[in-house]
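Undergrad: Sequences listed follow chains A and B, in order. Take the first sequence: its position 195, counted from the start at 1, is 195 in the numbering used here, and no numbers get skipped. Take the second sequence: its position 147, counted from the start at 1, is 1147 in the numbering used here, and no numbers get skipped. Just so it is clear, CB atoms sit at the ideal spot from N, CA and C, and this is done for glycine as well. These figures come from a predicted structure and were not determined experimentally. Handing you a structure now.
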Amino acid sequence: MLAASYFFYGYWDWRFLILLVGSSLMDYYFGLLIFKAKTKPLKKAWLVFSLALNLGILLFFKYFNFFIDSFGASFGNHLDFLHLHILLPVGISFYTFQSLSYTIDIYREKLSPTKSILDYCLFVGIFPHMVAGPIVRAKDILPQLASLQKPLKNDFNIGFSLITIGMFQKVLIGDTAARFVDHIFADPQYYSSSELLFSLLMFAIQIYADFAGYSNIARGSAKFFGIDLIDNFNQPFFSKSITEFWRRWHISLSTWFFDYLFNPLVISFRNWGRFGIAMALMITFFFSGLWHGAGTKFIIFGLLHGFALTFEFYTKKFRKKLFGFLPIRINAIISTLLTCTYVVFTWLFFRAANNDVVMLYLNRLFVNHTTSTISLDLYGIFFTYFIAIMVIDYFELKTKNHEFLAQINPAIKFGIAIPLWVGVILYMYTILKPMPFIYFQF
Amino acid sequence: MSFCVDYFLKFTRISAATLKYYDDEYGSLNRANISYFKSVEGLFVGNTNYDGRFRENYSPKKEDKKTLRILLMGDSFVEGIDVFSVNHFAQYIETILSKKLNRKVEVLNCGRGNATIHTMSYYFYNYLSKKYDIDLVLLFTEGRDIYDSGDGNSYPSTFYKLDSFNNLVKGENWKNTPEYNLHKKLLSMPILKYYENSGYFRLLYRAIARTRIQGFKQITFGKFFDAPKELNYHNSTSHDELSRITKKLYDTLSTFNKGQVVFVLRNKPTYTPAIEEYISAKNYKYFNLADTFDDFNIKNTKIDAYYFKATNTYGGHWNNDGHKTVGTFLANKIYTHFNEFVMPGYEK
Chain A
1 MLAASYFFYG YWDWRFLILL VGSSLMDYYF GLLIFKAKTK PLKKAWLVFS
51 LALNLGILLF FKYFNFFIDS FGASFGNHLD FLHLHILLPV GISFYTFQSL
101 SYTIDIYREK LSPTKSILDY CLFVGIFPHM VAGPIVRAKD ILPQLASLQK
151 PLKNDFNIGF SLITIGMFQK VLIGDTAARF VDHIFADPQY YSSSELLFSL
201 LMFAIQIYAD FAGYSNIARG SAKFFGIDLI DNFNQPFFSK SITEFWRRWH
251 ISLSTWFFDY LFNPLVISFR NWGRFGIAMA LMITFFFSGL WHGAGTKFII
301 FGLLHGFALT FEFYTKKFRK KLFGFLPIRI NAIISTLLTC TYVVFTWLFF
351 RAANNDVVML YLNRLFVNHT TSTISLDLYG IFFTYFIAIM VIDYFELKTK
401 NHEFLAQINP AIKFGIAIPL WVGVILYMYT ILKPMPFIYF QF
Chain B
1001 MSFCVDYFLK FTRISAATLK YYDDEYGSLN RANISYFKSV EGLFVGNTNY
1051 DGRFRENYSP KKEDKKTLRI LLMGDSFVEG IDVFSVNHFA QYIETILSKK
1101 LNRKVEVLNC GRGNATIHTM SYYFYNYLSK KYDIDLVLLF TEGRDIYDSG
1151 DGNSYPSTFY KLDSFNNLVK GENWKNTPEY NLHKKLLSMP ILKYYENSGY
1201 FRLLYRAIAR TRIQGFKQIT FGKFFDAPKE LNYHNSTSHD ELSRITKKLY
1251 DTLSTFNKGQ VVFVLRNKPT YTPAIEEYIS AKNYKYFNLA DTFDDFNIKN
1301 TKIDAYYFKA TNTYGGHWNN DGHKTVGTFL ANKIYTHFNE FVMPGYEK
């Protein structure tokens, strides 16, 4: 399985396989060194060394050019000549974070290092989750790898249902939504306010379908080998607050930041009271934004979410008092709409190629409104996508899991799965180039 | 469930409606009143009108005699379904010219993908010129026009050819093509009439077409098999001479409506000096788009008029910037030369 995973990764570019293997070996030995160190300062020293190396590699590949640009801009110089012309290794942010959690957990004595180097390499490099998550924890995966058994019939059933839903989300929703998003974001000056808003709404559909689709495919593929990966999404667009949104969106990343950054920060700032928590939130979301990409726009994206969480934290009681008179359902609908609106707005910073595009969107959306005759067509298209997304989310919500397809009568299951697969396969044969997963770039 | 997915495929334009149909008289034409979508190079979302044209819905006869009616003839460049209709160059001509002339300007976009002068002119003389009020024709020429289409035609439409007395006669060879006969046979089978209304069938049709171009192995197994060379845009110059039929068609078209025809010369995809030489020697009116482009770029800028950022392609057509440039250029040219046209009732 390790060989298959490495083949899968190296298929894209074999040179980055060296990095993956090197990083895995390094952290395996750091884990042992931390565990075996007799004194706390020595454990800490090994941990710091491990963090410095892991983050150093990540900084080098992902953030070097960004820091050079930022440094140059602050002195009014263009330092483009210092740029590194290298490709970003696929999934580097994901597997680096997994490795970090392993060494930190050993340092915190929450985990004992594995004795099997192969199991560790498989934990980091197992193909379903390696390139775009979910960011799994060693404590969840290593025991499963150590006792791998022949998958049960039901594992295939669950795996198939997850992959079916994931493929539909990724190929027929995410990739096809991108046809609109990419064009409008590439040339926004030629589109009216209503068309720009459409592109933003479609991006929300695209990124959700793309990433949730990937996560379902990853979980389904792992299930074929009898391995359980954690849920990464939990109907995020039903969230009634931004705080709740981050409990439902990219759950593995949110919990990683919660465990390894937010909680230590809260402890450090404990003397500052509520302000300390607010600071911890802002810092956490600053880094969460930066994790997504090396650019100011990702930092703004993170900070906007940090700001929203801080706002919700400070005004929780006040809001309850202010809107308490509303019936619960009405309150929930309004809260959900407000949350979705804010989330969609923040996606603008995430998706826009540069600050000029952001400014143009903001201007057309909030200042100079224009409309066009084809807007009705476009919103009809958006609505169709929206219904498709909501139908899947509704069934997931009702059954409280993503494997709802596995639980129904086989005749009905195949009655649903076959038309979906036919659509997916036919579409894949019509396209010139397959669309990569959005989160591959991270 | 199949019906749900089928509707999803249609409503989201994943399987767009088929644009073409076969007319008994003219061959391949655009279908009327359909929702159409294209995103291979740029993005187009819109509908055809009652006559299969894009962008406008003007009635055949002018509602106000003072309205200036311009008809565009050409191939896919003119049809322009790589940009939204509001960004098509026809829209710029209407907006700029109506402002300058202080009267309503209506531009009919009669461009059709893959059409050449041989097919265009047949459709124009036998259909468009009879049905529509036209004041001015902008006839877009291009490299493929200069050849003698002979007895056949790459585009399945009725075309003009020359008989032994140098007269224009109708050529209908497209009716003998296996493709047309298959199409007729399929449509005669009742079950396949569902084809036009089925998202699955349309998708299947496109999948087969793509597989034929790219190869089953390459699409299925990707990297293990060589991909066919990407269709990309290449500069080329043709030094071929104009064929007899082309000269005859240019001469005939130039006299339409007392000479209210302007040739528009394109520098791409194939720069063909013979067209300009012939037209200028004959003193026909023409605008040369090479005056507003520097190779791929808009003149005196670094803005590429042919590159589609979202798809990272040079498919061969104008992008939004290109349409804006062409529209502005043509509107200004028409305005500058307005007095040279014989159009009673139109004074600046």
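Could you list the residues in the segment 1204-1221 of chain B with a C-beta less than 7 angstroms from some C-beta on chain A, going in chain order?
TA: Leu1204, Arg1206, Ala1207, Arg1210, Thr1211, Ile1219
Undergrad: Can you tell me which residues form a DSSP beta bridge with Ile1096/B?
TA: Its beta-bridge partners do not exist; DSSP assigns none.
Undergrad: Looking at the unbroken beta strand (DSSP E) that takes in Lys1161/B, where does it start and where does it end?
TA: 1159-1162
Undergrad: Could you tell me whether any Cβ in chain A is nearer than 7 angstroms to the Cβ of Ser1039/B?
TA: yes
Undergrad: Can the beta-carbon of Pro151/A be found less than 7 angstroms from the beta-carbon of Ala218/A?
TA: no
Undergrad: By DSSP's criteria, Thr1237/B is part of a beta bridge. Which residues make up the other side?
TA: Tyr1271/B
Undergrad: Taking the alpha carbon of Ala1331/B as the reference point, which residue from Ile1093/B, Glu1041/B, Asn1030/B, Lys1061/B has its own alpha carbon closest?
TA: Ile1093/B
Undergrad: Classify Lys1038/B as helix, strand or coil using the three-state DSSP reduction.
TA: strand
Undergrad: Is the segment 1169-1181 of chain B touching the segment 417-424 of chain A in the sense that three or more CB pairs, one from each, lie closer than 8 angstroms?
TA: no
Undergrad: Out of Tyr120/A, Ser93/A, Ala138/A, Leu33/A, state which residue places its alpha-carbon closest to the alpha-carbon of Leu111/A.
TA: Comparing Cα-Cα distances from Leu111/A to each of Tyr120/A, Ser93/A, Ala138/A, Leu33/A, the minimum goes to Ala138/A.
Undergrad: Give a yes or no on whether 7 angstroms exceeds the smallest Cβ distance from Val1107/B to chain A.
TA: no
Undergrad: Tell me which residue opens and which closes the beta strand (DSSP E) that Val1169/B is part of.
TA: 1168-1171
Undergrad: Along the chain, which unbroken stretches of the alpha helix (DSSP H) at least 4 residues long are found entirely within the segment 342-377 of chain A?
TA: 355-366
Undergrad: Which residues of chain A have a Cβ atom closer than 9 angstroms to the Cβ of Tyr1200/B, listed in chain order?
TA: Simply Pro419, Val422, Gly423, Leu426.
Undergrad: Does any residue of chain A have a CB that is nearer than 7 angstroms to the CB of Ala1310/B?
TA: Answer yes: the Cβ-Cβ gap between Ala1310/B and chain A drops below 7 angstroms somewhere.
Undergrad: Around the Cβ of Tyr11/A, are there at least 16 other Cβ atoms within 10 angstroms (buried) or fewer (exposed)?
TA: exposed
Undergrad: How would you write the range of the beta strand (DSSP E) that Tyr1021/B sits in, first residue to last?
TA: 1020-1023
Undergrad: Given a cut-off of 7 angstroms on the beta-carbon distance, is the pair Ser193/A and Arg364/A in contact?
TA: yes
Undergrad: Can you find at least 3 beta carbon pairs, one from the segment 1302-1315 of chain B and one from the segment 1276-1285 of chain B, that sit closer than 8 angstroms?
TA: no
Undergrad: Going by alpha carbons, who is nearest to Phe461/A out of Ser199/A, Thr176/A, Ile173/A?
TA: Residue 461/A lies beyond the stretch modelled for chain A, which goes from 1 to 442, so this question has no answer here.
Undergrad: For Asp1251/B, does the three-state DSSP call read helix, strand or coil?
TA: helix
Undergrad: With a threshold of 7 angstroms between beta carbons, is Gly306/A in contact with chain B?
TA: no
Undergrad: What is the DSSP secondary structure of Arg137/A, counted as helix, strand or coil?
TA: coil
Undergrad: How would you list, in chain order, the residues of chain B whose beta-carbon sits under 8 angstroms from the beta-carbon of Tyr385/A?
TA: Residues of chain B passing the Cβ test: Thr1012.
Undergrad: Three or more C-beta pairs closer than 8 angstroms, one from the segment 349-358 of chain A and one from the segment 247-265 of chain A: is that the case here?
TA: no
Undergrad: If you measure from the beta carbon of Gly174/A to each beta carbon in chain B, is any gap under 7 angstroms?
TA: The beta carbon of Gly174/A does not come within 7 angstroms of any beta carbon belonging to chain B, so the residue lies off that interface.
Undergrad: Is the beta carbon of Gly220/A closer than 7 angstroms to that of Leu148/A?
TA: Not closer than 7 angstroms, so no.
Undergrad: Do we get a CB-CB distance below 7 angstroms when we pair Arg108/A with the residues of chain B?
TA: no
Undergrad: Chain A partners of Phe1350/B, CB-CB under 7 angstroms?
TA: The shown model of chain B, from 1001 to 1348, leaves out residue 1350/B, and the question about it has no answer.
Undergrad: Just the Cα atoms here: how many angstroms apart are Tyr342/A and Ile205/A?
TA: 14 angstroms
Undergrad: Below 8 angstroms on C-beta distance, what does Leu1043/B contact in chain A?
TA: Arg179, Phe180, His183, Ile184
Undergrad: Three or more C-beta pairs under 8 angstroms: does that hold for the segment 398-406 of chain A against the segment 427-439 of chain A?
TA: no
Undergrad: Would the segment 1058-1078 of chain B and the segment 1030-1039 of chain B be scored as touching if the rule is three or more Cβ pairs under 8 angstroms?
TA: no
Undergrad: When DSSP builds the beta bridges, which residues end up paired with Gly1027/B?
TA: Asp1023/B, Ser1157/B
Undergrad: Whole-angstrom Cβ separation of Ile57/A and Leu47/A, contact assumed at under 8 angstroms?
TA: In this structure Ile57/A is not in contact with Leu47/A, their Cβ atoms being roughly 16 angstroms apart against a cut-off of 8 angstroms.
Undergrad: Quick check on the DSSP output: the alpha helix (DSSP H) that includes Ile1397/B runs from which residue to which?
TA: Missing from the structure shown is residue 1397/B; chain B here goes from 1001 to 1348 and no further.
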